Amino acid sequence: MELAGKVALITGSTGGIGRETARVLAAAGADVVITGRDAARGAVLVEEISAAGGSARFVAADLADPAAPRRLAVAAAAAGVVDVLVNNAAAFPAAPTLSQDVESLDTALALNIRAPYLLTAALVPAMIEKGAGSIINISTLAARVGMPGYSAYGATKAALESLSRAWAAEFGPAGVRVNTVVPGPTSTDGVVAAMGEEGLGRAARNTLLGRLVTPREIAETILFLASDRTRFITGATIAAGAGRPAV
60 MELAGKVALI TGSTGGIGRE TARVLAAAGA DVVITGRDAA RGAVLVEEIS AAGGSARFVA
120 ADLADPAAPR RLAVAAAAAG VVDVLVNNAA AFPAAPTLSQ DVESLDTALA LNIRAPYLLT
180 AALVPAMIEK GAGSIINIST LAARVGMPGY SAYGATKAAL ESLSRAWAAE FGPAGVRVNT
240 VVPGPTSTDG VVAAMGEEGL GRAARNTLLG RLVTPREIAE TILFLASDRT RFITGATIAA
300 GAGRPAV
């Protein structure tokens with residue numbers, strides 16, 4: 060199995076893309092650390108992965124708390140050096156700029172920029188000492204295409220993409236790789252519920268392949284970047300959106 064003997068930490072992994080990523084990385088042999096605010100959902104996912112023969116544990120964390128990334132790093136490292144870090148947790152402030160409230164903006168800045176910054180800073184020293192590691196940051200189409208109502212979300216994710224490039228330059232000489240995945244319209248439970256049939260159809264028609272991306276497809280892209288198959292790839296941004304990021 061591709062990730063046998065490796066520890067993988069996925070933030071925001073009790074639902075959506077993060078949950079599917081935990082399943083896929085565990086199936087590839089990783090010892091998966093699931094994290095989020097919902098302990099009940101985390102426990103269900105741990106049980107599911109364990110029943111399938113995988114290894115997983117849950118660590119509760121509210122990464123909007125500035126002290127949480129360090130605590131999470133310590134808890135995750137109890138299983139050994141974290142070999143794969145997927146910075147997936149995010150806040151989605153959806154509002155026009157003129158009506159965006161400060162609290163939602165601050166939460167987006169905390170979750171989408173500060174948390175991955177502090178968590179990466181806490182985990183990278185052990186990766187550097189080991190001479191290997193893979194960090195995968197999850198961005199969004201809104202970081203690349205102007206979308207009304209998503210100025211704060213898009214800006215924070217664009218900042219995360221900038222961090223990916225800077226970290227690739229900083230950590231590459233020590234063997235630590237940093238890449239970004241940019242999902243296009245993805246059929247998570249939340250997206251399906253929010254958009255409805257008409258909205259989903261419109262989103263699908265706006266992709267070059269005429270369909271939405273599944274959470275499993277995004278998770279498999281993350282696995283690809285986490286694995287040794289891409290040991291020569293760093294500083295890359297992978298558009299995983301059925302062609303939507305291209306148009």
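Here the sequence shown is numbered in the numbering used here, starting from 60 and rising by one per residue. Beta carbons are placed, not taken as given, at the ideal position from N, Cα and C, and that holds for glycine. Quick caveat: nothing in here was measured; it's all calculated off a predicted structure.
For residue i, which three-state DSSP category applies?
i, result
"Pro184", "helix"
"Phe151", "coil"
"Asn171", "helix"
"Leu219", "helix"
"Pro232", "helix"
"Gly75", "helix"
"Asp124", "coil"
"Ser109", "helix"
"Arg96", "coil"
"Pro244", "coil"
"Val118", "strand"
"Asp90", "strand"
"Val308", "Only positions 60 to 306 of the chain appear in this structure, which leaves residue 308 out of reach."
"Val204", "coil"
"Gly192", "strand"
"Ile281", "helix"
"Val29", "Residue 29 is absent from the structure shown; the chain starts at 60 and stops at 306."
"Val140", "coil"
Is the distance from the Cβ of residue i to the Cβ of residue j below 8 Å?
i, j, result
"Leu222", "Pro175", "yes"
"Ala228", "Leu84", "no"
"Ala89", "Val145", "no"
"Ala278", "Thr73", "no"
"Ile187", "Phe230", "yes"
"Ala67", "Val103", "no"
"Ala136", "Ala185", "yes"
How many whole angstroms separate the CB atoms of residue i and residue j, which I take to be in contact at a CB cut-off of 8 Å?
i, j, result
"Thr215", "Asn147", "About 14 Å; that fails the 8 Å criterion."
"Ile93", "Ala120", "In fact, because the Cβ distance is near 10 Å, the residues do not count as touching under 8 Å."
"Leu131", "Val118", "6 Å"
"Val272", "Ala299", "6 Å"
"Ile281", "Ile195", "5 Å"
"Ser198", "Glu220", "5 Å"
"Arg129", "Leu182", "About 10 Å; that fails the 8 Å criterion."
"Tyr209", "Ala201", "4 Å"
"Arg173", "Pro125", "7 Å"
"Pro244", "Thr266", "7 Å"
Using the Cβ count rule (16 or more neighbours within 10 Å means buried), how would you classify residue i?
i, result
"Leu268", "exposed"
"Thr156", "exposed"
"Arg236", "buried"
"Ala110", "exposed"
"Val323", "Nothing about residue 323 can be reported from this structure: the residues present for the chain run from 60 to 306 only."
"Arg78", "buried"
"Gly71", "buried"
"Gly64", "exposed"
"Pro274", "buried"
"Arg261", "exposed"
"Ala211", "buried"
"Ala169", "buried"
Measuring straight from C-alpha to C-alpha, what distance separates residue i and residue j?
i, j, result
"Pro207", "Ala138", "43 Å"
"Ala86", "Gly213", "32 Å"
"Ala233", "Ala225", "14 Å"
"Gly101", "Ile297", "28 Å"
"Arg96", "Ile76", "16 Å"
"Ala191", "Val105", "27 Å"
"Ala167", "Gly113", "33 Å"
"Met60", "Glu276", "18 Å"
"Val161", "Thr179", "26 Å"
"Ala123", "Ser158", "22 Å"
"Ala127", "Ala134", "10 Å"
"Thr289", "Lys189", "18 Å"
"Arg82", "Ile69", "11 Å"
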